[in-house]
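Counting with this note's numbering, you get residues 499 to 672 for the letters of the sequence shown.
Glycine is no exception: its CB is placed at the ideal position from the N, C-alpha and C atoms.
Reading through the structure tokens given below for one structure.
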Amino acid sequence: MFKCSEVMATTSETGDRLDTRRLEAKKQTLDDAYAAPANFLEIDVVNPETHGVGKKRYTDYEVRMRTNLPVFKVKESSVRRRYSDFKWLRGELERDSKIVVPPLPGDAFKKQLPFRGDDGIFEDDFIEERRQGLEAFVNRVSGHPLAQNERCLHMFLTEPIIDKNYVPGKVRTT
């Protein structure tokens, strides 16, 4: 299994001998290198779609999740989320969890001004840039072990409609 190199050191303060042997690395096989990971959580933010006209126009994104983590009851899901839903998730995690929540891509207030000559927040380049930022955000958040137990994250990733009146808390595995 593992072999150790024989190295001992003496501390200068106490004169005690410390074991400083290193474990030798086990050679990795091709099966090990290309096998499915033991635990995984994959989240993609894809397929942005713009809906509505005029001031009622908005863009939403498909959030796809695949996992084998035991804390998730659903192993695969696909839901559509707006930027405001990502803001809701961030706010819930900031309020209820003990983690430092990463920032979202900006609100793009200036892109929403009515006298602009372009499509503002509905330009393809802006939508793609925001999609990438939202994907990075949700992957950073969901990669945190403490966030993985939060009800708000589970609801965000798996429920078609977010119940804003939910009871915050941890998900229990049974």
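Asked	Found
Check Asn-545 in the structure and name its three-state DSSP category.	strand
Which residues share a DSSP beta bridge with Tyr-556?	His-549
Just to confirm before moving on: does the CB-CB distance between Pro-658 and Val-561 stay below 8 Å?	no
Using C-beta distances below 6 Å, list every residue in its chain close to Lys-668, excluding the 5 sequence neighbours before and after it, in chain order.	Asn-647
For Ser-582 and Tyr-532, I'd like the C-alpha separation in whole angstroms.	38 Å
For Arg-649, which residues of its own chain have a beta-carbon under 8 Å away from its beta-carbon, when the five flanking residues on both sides are left out?	Tyr-664, Val-665, Pro-666, Gly-667, Lys-668 and Val-669
Measure the CB-CB distance between Glu-547 and Asp-558 and report whether it falls below 8 Å.	yes
Beta-carbon within less than 7 Å of Glu-592's beta-carbon, same chain only, minus the 5 sequence neighbours each way: which residues are those?	Val-599
Mapping the DSSP letters down to three states, classify Leu-602 as helix, strand or coil.	coil
Mind checking who Glu-540 pairs with in its DSSP beta bridge?	Arg-564
Applying the 10 Å Cβ sphere with the 16-neighbour rule, what's the burial state of Thr-565?	buried
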